[in-house]
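S.K.:
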Amino acid sequence: MIINKEGIRDPEGEAIKNYIINKVTDKVKEVKAGKYLSFSVDVKEESEAIELVKKIAYEDRLYNPIVHRIIVRAEKIENGSN
Amino acid sequence: MIINKEGIRDPEGEAIKNYIINKVTDKVKEVKAGKYLSFSVDVKEESEAIELVKKIAYEDRLYNPIVHRIIVRAEKIENGSN
Amino acid sequence: MTISLSSYELELIKKELKREPKEEELKVIDALWSEHCSYKSSKVFLRSLPSEGPNVVMGIEDWQDAGAVDIGDGYAIVMKVESHNHPSAIDPFNGAATGVGGIIRDIISKGARPIALLDMIRVGSLRHERNRWLLKGIISGIGFYGNSIGVPVVGGELSFDDSYTDNPLVDVACVGIVRKDKIIPSVVKKPGLKLVLAGLTGIDGLGGASFASRKLSGEDEIGAVQIADPFAGKIILDVTLEIADKVEAIKDLGGGGLAVAVTEMANGLGAIVNLDKVPLRVKGMKPEDIIISETQERMLYAVKDENVKEVCKAFEYYEYPCAVIGEIIEEPKIKFLYEGKEVVSLPSSLLLSPPIYVWGIKEDGEQKINEKPNVRIEDAIRNIVTSEDLVNKEWAYSQFDYEVGTSTVIKPGEADSALLLLPNGKFLAIKGDANPDLCVEDSYECGKAIFAEAYRNLATVGARGIAAVDHLQFGDPKKPKVYAKFVEAIRGISEAARFFNIPIVGGKVSFYNENSKGEPIKPTPLIVMAGLSDKPFRPSIEEGLDIVLIGI
Amino acid sequence: MKTAVIKFPGTTCEIDVLKALKEAGVESNIVGYKDFDPDKFNAVVIPGGFSFGDYLRAGSIAANTETMKKIKEMANEGKIVLGICNGFQILVESGLLRGALLPNLKMRFISKWVYVKVVRFDTAITKGLEKKVLRMPIAHAEGRYYLDNLEEAEKLAVFKYSDEKGNVKEEVNPNGSILNIAGIANEEGNVIGLMPHPERASFKLTSPDSQTDGLLLLRGLRK
Ligand SMILES: Nc1ncnc2c1ncn2[C@@H]1O[C@H](COP(=O)(O)OP(=O)(O)O)[C@@H](O)[C@H]1O
């Protein structure tokens, strides 16, 4: 997941909250929009998958570290993990 | 998370895989790109949060059921869950 | 956040105030005295540019605002050029996009409807991965904003040189149209007007003006990142044009945030601003951050009491924040109040008159290259046709909606200048030109040459130049060789403008463009010229036509 | 009776559409999305642009508005509803037209003049049309039409990207849409959506070959 850092504004999340969510509920306090990338990685361990994805994300500029932060999570699937 | 259903082309995921990832590793088998939305919801239970977000997503068409599928996950934070 | 004021300037401030300035006050002065806002290193020379002419309806007031020229039938065009170089170096997509947002707000703050955008992009060679990343982000950022806001990008330049590797140049220009008698000033003439602010203020873009007025430090510049929100920009555009009749002055919030907008709008009069009234995006902002925040998509209006309601109602329709935050006062002081306390109280005159500098000048001792280089003609041709500069630019302009407005007669890629149909039935030609390679060798000749080139480009679509804006982009002005180039370029541009009798109605200066080794970019003055024609023109090339070359 | 040209926040083409409708002899007005009274109009055009910034997905937020509920009622009464570009996206997002408009396969905004072949002549804007291949510009980032049922898509299709002669082929498909679809209509033919901009092909001076194919379509709204 790639989202804007804390403090950096997120017009998309704001617009979704103001123009859609607020019209139907007041329980949602904040909406943040970002990009979701899922990688099927062919490695043994979850930690290895996380390391690899982090490395790719950083070195190949899948995100801009000045603006974004990333959240990396792994999950085992049959033949790989994401 | 909103992503394309199986079988619908995801040019962004494909491009990231072909032009970026494949140059550095062959361990990544598939990349899928989608939209990530995080909601801070003011409810007691995680299950309640999931229900609410699912309902909003479906009724307010945060996704288009013809082409997308969604993954909803919850996580407790100090005063709400996402 | 760092303060860029020099020790000399700090002394000056203390002497004027006869007291120690408060922390908050220093930040306000720092913003107003930044190079970006005050032109302290360039003003002396900029005054030599010819800015008058019989068709000039609004000249340049302190080089801040867009200028306007009469085009007949009761209409005027408003034009302006800007760069967003430093923000684009750290976040190309948002940096370029917010550049477009800024230039559009400059045009609408005159009450004019923006009708055309140009983008002039310079990056390092695409052989480097990072430059490709930069260029992709820049082009999609410009498209993102321009397309969303519904102003066609009708032309520009795209060229490559390794001197821009760490410091790309992202220049955008905009032309707007307005009824001549409906042009809105940016400054007020009398006290008592209410200050109305539209848009939320956040902590993004803290200290951007001073960021643009120094070298890129490479450290975490998060405060300087500004996120583009073209949707909000579009609301600002639509509403501003809707209420233009009901306001006395309009000012875009750009570099230096509220501090600069309020002070410049008061223009020597005073103002009281109640910071508690400013609609905030995040809770718990410090008062000084509210004052200098550079959050995009905000606009300041000076409004008569009786019109305030109507102005804010127009924003309410779009569920866009709008608030009365203060008032113009007689006493020539700029005051910011927070929770009932005065956090800033500074004389307008101090803020508006920073020290003016003329830095040392040293001519480049190097021999100018006059002899013909010894190249084989085959190699020369191969080099030229394979040059990155000369490839088809469709990849770039096909990402821009150049048709919106249904007025684009000559579209990108069709000729050397764009041509647009105006509401009075005339045709507007517009083009931007620079020539950094020539400037390296002789920046005086270069100043003349780029002006003439812009004029020729307009001529290729049958138009005659009527007004120009210039953008001067250089390295560190305190380096004598850089400064010498700067001064020479202005001399060249001035001379050409006088020769063609075309007034320069606006411009912009951007210093401190350097790579990570501290080497300046190639000197890159740039001219954007607008011209008029009575007839439409459409190039049509067919077999059997003769080729004629004019000139020696 | 008149045609309403709806302006959502972020709509950019309402003035162009109004100008073109005038040129086509269609009586019309621009109407703010909150001020829309469906009883006053017998047709509605949803113009292009970036309604609500196109946040989330192109057209998705506008599709959620009260305005669209009113437009649905109009459509059910058999009145004409035309969505151009973002308008098409809104119609699809609101379920008034079937399918989805996905991001272009090239993953970027594409602005260019294209040819489309008209393949259905039972819709409000293509009835009686003599010209079969039209030239109009497109300008969008999310225009890849998709429907999970090819047969149905074939039935709904009104416009298909083609070459100058009307050959529908993969090479001229700018965005990767299924069956080269550029526009569709409901079965009744009163709700039509298309990605190309007819209003931008309605003026001699700004059309590349001085053709005004867009007017041929917009005239269908003349009553
Ligand atoms: N960055 C850009 N944005 C929009 N249009 C561009 C851009 N760069 C070039 N163009 C357009 O592409 C065409 C060719 O550009 P170019 O080869 O640079 O011509 P020139 O040498 O006359 O500047 C012109 O119509 C120009 O306006």
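Residue numbers (this note's numbering), protein chains in the order written: chain C, 1 to 82; chain U, 1001 to 1082; chain S, 2001 to 2552; chain V, 3001 to 3223. All residues carry an ideal CB built from backbone N, CA and C; glycine is no exception.
#1: When DSSP builds the beta bridges, which residues end up paired with Val-2170(S)?
#2: Within this structure, are the beta carbons of Ile-2334(S) and Thr-2201(S) separated by less than 8 Å?
#3: Can you tell me which of the three DSSP states Trp-2063(S) falls into?
#4: Ignoring anything shorter than 3 residues or poking outside the stretch 3047–3112 of chain V, list the beta strand (DSSP E) runs there in chain order.
#5: Run through DSSP, which three-state label would Leu-2126(S) get?
#6: Of the residues Gly-3059(V), Leu-3134(V), Ala-3075(V), Lys-3079(V), which one's Cα is nearest the Cα of Arg-3222(V)?
#7: Could you check which residue in Asn-1022(U), Ala-1049(U), Glu-1045(U) has the C-alpha nearest to that of Val-28(C)?
#8: By Cβ distance, which residues of its chain are closer than 6 Å to Gly-2053(S), with the 5 residues on each side in sequence left out?
#9: Throw me the rounded Cβ distance for the Gly-2254(S) and Ser-2034(S) pair, which I believe falls under 8 Å.
#10: Can you confirm whether Leu-3221(V), when its beta carbon is compared against all beta carbons of chain S, has any partner nearer than 8 Å?
#11: Can you pull out the residues from the stretch 3091–3119 of chain V whose beta carbon lies closer than 9 Å to at least one beta carbon of chain S?
#12: Could you give the DSSP three-state label for His-2084(S): helix, strand or coil?
#13: Cα separation between Thr-3012(V) and Asp-60(C)?
#14: Pull up the DSSP beta-bridge partners for Lys-1032(U), would you.
#15: Here's the rule: buried if 16 or more other CB atoms are within 10 angstroms of the residue's CB, otherwise exposed. What is Gly-1034(U)?
#16: From Asn-2131(S), Ala-2468(S), Leu-2126(S), Asp-2389(S), pick the residue whose C-alpha is nearest to that of Asn-2435(S); which is it?
#17: Ile-3090(V) and Gly-3083(V) look like a contact to me (Cβ under 8 Å); what is the Cβ gap, rounded to whole Å?
#18: Tell me, please, whether the CB atom of Ile-71(C) is closer than 8 Å to any CB atom in chain S?
#19: Rounding to the nearest angstrom, what Cα-Cα distance links Leu-2280(S) and Ala-2323(S) in this structure?
#20: Out of Tyr-1058(U), Ile-1021(U), Glu-1045(U), which one is the CA nearest neighbour of Glu-1075(U)?
#21: For Val-3119(V), which three-state DSSP category applies?
#22: Does Leu-2346(S) pass the burial test, meaning 16 or more other C-beta atoms within 10 Å, or should it be called exposed?
#23: Is Leu-2193(S) near ligand 2, going by C-beta to nearest heavy atom under 7 Å?
#24: Hey, which unbroken runs of the alpha helix (DSSP H) at 4 residues or more fall wholly within the stretch 2014–2070 of chain S?
#25: I need the straight-line Cα distance from Ile-3030(V) to Ile-1071(U), nearest angstrom please.
#26: Considering only DSSP beta bridges, list what Pro-2525(S) is partnered with.
#27: If we cut at 8 Å on Cβ distances, does Asp-3213(V) have a partner in chain S?
#28: Can you tell me the Cβ-Cβ gap for Lys-2362(S) and Lys-2481(S), rounded? I've got them flagged as a contact below 8 Å.
#29: Listing by chain order, which chain V residues have their CB less than 9 Å from the CB of Ser-2148(S)?
#30: Taking only the alpha-carbon atoms, compute the straight-line gap between Val-2154(S) and Leu-2117(S) and give it to the nearest angstrom.
#31: Near Met-3074(V), what residues of its chain come up, given a Cβ to Cβ distance below 7 Å and the 5 sequence neighbours on each side ignored?
#32: Is Ile-2(C) close to chain V, meaning its C-beta is less than 8 Å from at least one C-beta of that chain?
#33: Hey, is Glu-14(C)'s beta-carbon within less than 8 Å of any beta-carbon in chain U?
#34: How would you call Gly-3053(V), buried or exposed, if buried means at least 16 neighbouring beta carbons within 10 angstroms?
#35: State the DSSP-derived secondary structure class of Phe-3041(V), mapped to helix, strand or coil.
#36: Nearest chain S C-beta to Gly-7(C) closer than 8 Å, yes or no?
M.R.: Concretely, from the data shown:
#1: Ile-2121(S)
#2: no
#3: For Trp-2063(S), the pLDDT reaches just 48, beneath the cut-off of 50, and the residue's location in the model is therefore unreliable, although a value from the coordinates is still provided. Of the three classes helix, strand and coil, the one that applies to Trp-2063(S) here is coil, per DSSP.
#4: 3080–3084, 3100–3102
#5: Leu-2126(S) sits in coil when the DSSP states are folded into three classes, being neither helix nor strand.
#6: Lys-3079(V)
#7: Of the residues Asn-1022(U), Ala-1049(U), Glu-1045(U), the one whose Cα lies closest to the Cα of Val-28(C) is Ala-1049(U).
#8: Pro-2503
#9: The C-beta distance from Gly-2254(S) to Ser-2034(S) rounds to 11 Å, too long to meet the 8 Å contact threshold.
#10: no
#11: Result list: Arg-3108, Phe-3109, Ile-3110, Ser-3111, Lys-3112, Trp-3113.
#12: coil
#13: 36 Å
#14: Ser-38(C)
#15: buried
#16: Asp-2389(S)
#17: 6 Å
#18: no
#19: 11 Å
#20: Ranked by Cα distance from Glu-1075(U), the options Tyr-1058(U), Ile-1021(U), Glu-1045(U) are led by Glu-1045(U).
#21: coil
#22: That one is buried.
#23: As for ligand 2, it is missing from this structure, which binds only ligand 1.
#24: 2023–2032, 2035–2038, 2043–2046
#25: Those two C-alpha atoms are separated by around 40 Å.
#26: Leu-2472(S)
#27: no
#28: So it is a contact: roughly 5 Å between Cβ atoms.
#29: Gly-3010, Thr-3012, Gly-3049, Phe-3050, Gly-3053, Asp-3054
#30: Across the structure, Val-2154(S) and Leu-2117(S) are spaced so that their CA atoms are roughly 6 Å apart.
#31: Pro-3038, Val-3044, Val-3081
#32: no
#33: Chain U contact via Cβ: absent.
#34: That one is buried.
#35: strand
#36: yes
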